[in-house]
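Reading through the structure tokens given below for one structure.
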Amino acid sequence: MMGDLIAWLFSFFILLAVLALVLYQIMCFLDLETDYINPYELATKINNIMLPEFITQGSLCLLHLVTRHWIMFLFCLPYLCYNVNQYIHRRHVVYATEVFSELSRQKRQRIFKLVYLGFLLFFSIFWMIWSIVDEE
Amino acid sequence: MGTENPNRANTSQGLSANPFAPPRNNMPISSNPVVQSEAPAFRPTSVPASLSTVPSTSSTTPFSFPGPTVGTGAPGFRPMPPGRPPPSYGPPTTTPIPPFQSSNIGQPMVPPGQHPPMSTSLNRQHQIPPVQMGSPPQSFYSGSSNSNPPMSFQDSAYSASRPNMHQPAPLTGPPYPGPLRPPPPPPQVSYKGGYVPPQPTISTPFSSHQGSYNQAPPAATSSGPYVGNSAPPTGGMPSLVEDFSSLSLGSAPGSFDSGLDTKLLPRPLDGDVEPSSFAGMHPMNCDSRYLRLTTSAIPNSQSLVSRWQLPLGAVVCPLAETPDGEEVPIVNFATTGIVRCRRCRTYVNPYVTFTDGGRKWRCNICAMLNDVQNDYFASLDATGRRVDLGQRPELTKGSVEFVAPAEYMVRPPMPPLYFFLIDVSISAVKSGMLEVMAQTIKSCLDRLPGSPRTQIGFITFDSTIHFYNMKSSLTQPQMMVVSDLDDIFVPLPDDLLVNLSESRAVVEAFLDSLPSMFQDNVNVESAFGPALKAAYMVMSQLGGKLLIFQSTLPSLGVGRLRLRGDDLRVYGTDKEHALRIPEDPFYKQMAADFTKFQVAVNIYAFSDKYTDIASLGTLAKYTGGQVYYYASFHSVIHKDKLRHELARDLTRETAWEAVMRIRCGKGVRFTSYHGNFMLRSTDLIALPAVDCDKAYAMQFALEETLLTTQIVYFQVALLYTASCGERRIRVHTAAASVVPDLGEMYRQADTGAIVSLLARLAIEKSLSYKLEETRSAIQLRIVKSLKEYRKLYAVQHRVGSRMIYPETLKYLPLYGLSLTKSTALRGGYADSQLDERCAAGFTMMALPVKKMLKLLYPSLLRVDEYLMKTPTVSVADEFSKVCKRLPLVAESLDSRGIYIFDDGLRFVVWFGRMISPDLARNLVDEDSSTDFSRVSLTERDNEISRKLMGILRTLREADASYYQLCHLVRQGEQPREGFFLLINLIEDQVGGMNGYADWLLQIHRQVQQ
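Shown next, in the form of structure tokens:
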């Protein structure tokens, strides 16, 4: 049972990492809006961080899969599919040329992600506590 | 390395140095005394100004906002543009001519029966065959005889917003408050127009239809209270107009055929008419050639904005060409530094107010009280004006140019720099492009701006990249070939870009030898992407203008493209829009990099096959450049066009490394920008090079639910390096009144600006949606706005089933129609080549208002009478008097005439079938059986030919931004006639697209729903 708890802890931290990455992206967009960074910097920052986000999220999914946390795995799956879809169509890349016309869409997308991750975090904590309680 | 260094400009530490930094600490200003005190000066004027467009009763009404005025201005007639040439249709010598008699109007005749009942009555119009004489002048159709009852349901929602109770109560019987008005109002008072849609159900046979107009004027109805109301523009019209409006009241259902007289529909035959209100109310505003607002009445609340269904914004052409004597004054604040507001960074302008004996000035945009520096101080006279006002153009003129001191530079001002990237593959050589281009560049070397600082450089490429060392010590340029496309390097980085005046001899030697150097080249490949990267490496030190001459589809290295757009099936699916956006992100990336280093890219594309303009054009789009597309370029035909356009591109006054920002008063914020440029921050437009042929559109929104100020100020500031090496700031300032009612907004609307903005929005939409959806979006927008307008007035005026629209927007439906029929948006796969469509889109995104309107509603002129009769050769004045613009319908074409069709980008000269052989022989060499596609119009040694060429020259001089290539077309010569002319007769129903009348009907029906 100890292994389960460790798995939950792991997934919890990975989830936090994804959350932080998404949060960072939102911050970047806000900075752009308030003129603290220019579109070139933004494009570099965002494009550098998108792939790490996708990979981290993918590994979270994988972790849930191998630890047989089916429900959490199912929760993570749509997010993963969305990411993969974006990646295949190369829609995750932000271009400096048109970042302002896409600004609101990009921000909305990331805020939605954030909310979704918040839910996952809630469930994750719930299962973690559950597994602790279960142990005793 | 840009002057507005992107890295610095946007970091907080760079902000203090950045002259364009936006206001950081906007303190809320509720209402400030100065703006208030200014207000009276403008407010009252607004009323008379609006009166001029409004029927005269309102002058007696006590309301400052002519809500009631509105009511009076509803003559129910179809307004006509004042200068419309009445009798081009000739007298009705033979009135009811049987159809099909001599109908050689290249349009297929369709028997009425084949049309759905709806359109029959309209289509019959087209069949009144002999174009010149067929139609009776009194051709009006009766109105819908059973006028609908007023739509009272709409009233409740809107009555609150207008002073309804003061409304002169609904008059006795007739819904038109004619009797209230003093008799003859000025001609342009037709405040709203209206026309009666035909009743779809009634469809009488043609003959009776004809008959009905002959007996139609039941003069009884035309007399009485309505006489003089409608103030017709031309002498022949009055009875018509009155008859019309009274007929629509007549209660004899079924007695008259209902229909739509296509001849009375509003048409912009006078070209663009700028609204007078913009300058009228605020005389110190900049000229409308620089800045045009879609409406000069700014709505005061969010709810008003949401009811104004049209775009709310501005079209800015910062460097518009000025006529002689109206040049923008240059002001040099040598010692004081440029006077700007401390908080919002607004430049000093005619609307700032000086107080405290001249020691302080109040910013008109943020109301901040600034100190006047000692050097700039001047005392105030008794009226509170500065005593030195006469010597201060920046305080009297809406447009002014400041010489910018060193703090406006991040680096020393760059020299004008022209870099040429030339495709020398076989197709470029074969088409003759190389030769024409080299000759043109050589002939322009003397006229390049900025001598002696001007720099120049060349790269040519096919499957390899060729660099040219042009060092001034050489006598012949040295060519270096780089064939490693994966890892581009620049040999001799210092001598590829040279100072033109120093290396003049080498450059000329190069241009002379260029065509012969590659004349035997059989290489078909094009390493465009690698060559572009090489050019980028060479130019990134300085920036400048990159001119790309591309004849084939890029096929090697990074950025290679593939054939697409061949698939018919893609059209109409969700993937359709992908054809119009760049396929390879490489192009977007390169465009971003180019802008960053102040490089503007102009694309010249020549291929007869697909070259993916959508991808190539992206480079121009985001760098403030331009796309010139010469479909199947052949030097024999297109030589003059390329020569003219390239020469203009090289020699026109250009502003380098520019940034533009538009500021506006508190409560209003610019939200989106449309045109060819890149945004560097939320409101800073980066323009590596900008010139007089480029215009930019922007939309604004209200930030607050209610505007408390009475005037909103706009200030466009363009910071740039002039070719002479001086850093300058061009500032245009304009004021617009804030209004609380929608009617006033309509009254001060500017169709030209609205159409320009709508066109840009539509083209942007076509990049992510289907063409079909784009077109219906345009229609929907027009419908919504007219619906809103109808709600405003339908009730008090019992307009019944007539269509009503504001006088200022009378051409809007027509322009909307022509927008949907423009090359960029029309039809589907077959209707225009993908490349042509994309090129047209890029062009339209940059066009200034007047040129846009000309392109959308081209002029059609009949010239044969002028050629034959007028004795003098002096063309300029006479010509414009004799030849009037004709409506763009096939009926305008008479088979005995010669017509010139001019859309600003090209001419089509149309020869009627029955043109006198003498005339034809004088103009073109061949007899009438030859193929006109091979004949070009050249000046021949006779009077008539000289006159025609004189006309063409005059027309070209009127619009020099493009060279209008002349296409000769003979009547009935298919498919050229259809392709060049008939498809562009936008009022006709061509190829499944609506005609004007049908379009109006459709709109009207939707408005009524």
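Sequence order for the protein chains is W and S.
Under the working numbering, think of the first position of the first sequence as 1, with each following residue one higher.
Under the working numbering, think of the first position of the second sequence as 137, with each following residue one higher.
Where a beta carbon is used, it is the ideal one built from N, C-alpha and C, also for glycine.
Residue i (DSSP reduced to helix, strand or coil)
i: P142/S; result: Here P142/S scores only 40 on pLDDT, less than 50, and its place in the model is too uncertain to base an answer on.
i: G808/S; result: According to the sequence provided, residue 808/S is Ser. The question's Gly does not apply to it. Strand, per DSSP.
i: L117/W; result: helix
i: F722/S; result: helix
i: Y349/S; result: Confidence is the limiting factor: at Y349/S the pLDDT is only 37, short of 50, which leaves the residue's position unreliable, though a coordinate-based value still follows. If DSSP states are grouped into helix, strand and coil, Y349/S belongs with the helices.
i: D134/W; result: helix
i: C502/S; result: coil
i: H868/S; result: strand
i: K496/S; result: strand
i: A982/S; result: helix
i: N738/S; result: strand
i: S1081/S; result: helix
i: C800/S; result: strand
i: K1146/S; result: Lying before the first or after the last residue shown, residue 1146/S is absent from chain S, which here runs from 137 to 1145.
i: E793/S; result: strand
i: Y1132/S; result: helix
i: I474/S; result: coil
i: H780/S; result: helix
i: P824/S; result: strand
i: N259/S; result: With a pLDDT of only 40 at N259/S, under the threshold of 50, the placement of this residue in the model should not be trusted, and no figure is reported.
Nearest neighbour of residue i, chosen from the options [CA to CA]
i: M615/S; options: R962/S, I624/S, F597/S, L621/S; result: F597/S
i: G1048/S; options: G1040/S, D1038/S, E1027/S, D1039/S; result: E1027/S
i: C81/W; options: Y95/W, C61/W, F100/W, E41/W; result: C61/W
i: L878/S; options: Q445/S, K745/S, L405/S; result: Q445/S
i: H89/W; options: R926/S, V867/S, Y1099/S, E719/S; result: E719/S
i: F685/S; options: G693/S, V674/S, F664/S; result: F664/S
i: S432/S; options: S442/S, S995/S, V875/S, P585/S; result: V875/S
i: S676/S; options: H868/S, L894/S, V735/S; result: V735/S
i: R716/S; options: Y905/S, Q851/S, R481/S, D620/S; result: Y905/S
i: L32/W; options: N83/W, Q57/W, V99/W; result: V99/W
i: E530/S; options: T489/S, G593/S, E543/S, T807/S; result: T489/S
i: A667/S; options: T471/S, A542/S, S619/S; result: S619/S
i: V523/S; options: M550/S, G494/S, G977/S; result: G494/S
i: S59/W; options: I14/W, L23/W, S101/W, M50/W; result: I14/W
Alpha-carbon spacing of residue i relative to residue j, whole angstroms
i: S275/S; j: V737/S; result: Per-residue confidence for S275/S stands at a pLDDT of 36, beneath the threshold of 50, marking its modelled position as unreliable; the derived number appears in the next sentence. So the alpha carbons of these two residues sit roughly 53 Å apart.
i: G936/S; j: V1143/S; result: 12 Å
i: A794/S; j: V826/S; result: 7 Å
i: E638/S; j: G586/S; result: 14 Å
i: G695/S; j: A756/S; result: 15 Å
i: R1082/S; j: L1055/S; result: 12 Å
i: I129/W; j: W8/W; result: 9 Å
i: L955/S; j: L1059/S; result: 34 Å
i: L854/S; j: Y544/S; result: 12 Å
i: T841/S; j: V867/S; result: 29 Å
i: L633/S; j: Q509/S; result: 44 Å
i: V539/S; j: P548/S; result: 14 Å
i: Q591/S; j: N635/S; result: 4 Å
Next item on the list: Just list the alpha helix (DSSP H) runs in the region 395-445 of chain S, keeping only unbroken ones of 4 residues or longer that don't cross its boundaries, in chain order.
Entry: 413-417, 438-443
- Query: If you pair each beta-carbon of the region 64-73 of chain W with each one of the region 114-127 of chain W, do three or more pairs fall below 8 Å?
  - Reply: yes
The region 813-822 of chain S contacting the region 720-736 of chain S, beta-carbon criterion three pairs below 8 Å: yes
Practice prompt. Flag this pair as touching only if the region 90-103 of chain W and the region 28-46 of chain W have three or more C-beta atom pairs under 8 Å; answer yes or no.
Written response: Three or more beta-carbon pairs drawn from the region 90-103 of chain W and the region 28-46 of chain W are found closer than 8 Å, and the two stretches are therefore classed as touching.
Next on the checklist: Does the contact criterion of 3 or more C-beta pairs under 8 Å hold for the region 967-985 of chain S versus the region 914-932 of chain S?
Outcome noted: no
Check: Can you list the beta strand (DSSP E) stretches of 3 or more residues lying completely in the region 591-668 of chain S, in chain order?
Finding: 591-597, 601-605, 614-618
query = Between the region 938-952 of chain S and the region 911-923 of chain S, are three or more C-beta pairs nearer than 8 Å?
reply = yes
- prompt: Does the pairing of the region 420-427 of chain S with the region 520-537 of chain S give three or more beta-carbon distances under 8 Å?
  reply: yes
Worksheet entry | 4-residue-minimum alpha helix (DSSP H) runs that sit fully inside the region 903-936 of chain S, ordered along the chain | Secondary structure remark: continuous alpha helix (DSSP H) runs of at least 4 residues inside the region 903-936 of chain S, in chain order: 907-933.
contact_flag[the region 774-790 of chain S, the region 1089-1105 of chain S] where n(CB pairs < 8 Å) is 3 or more: yes
Next item on the list: Count the CB pairs spanning the region 1116-1126 of chain S and the region 1034-1051 of chain S that are closer than 8 Å, and state whether there are at least three.
Entry: Pairwise C-beta distances place the region 1116-1126 of chain S in contact with the region 1034-1051 of chain S, as three or more of them are shorter than 8 Å.
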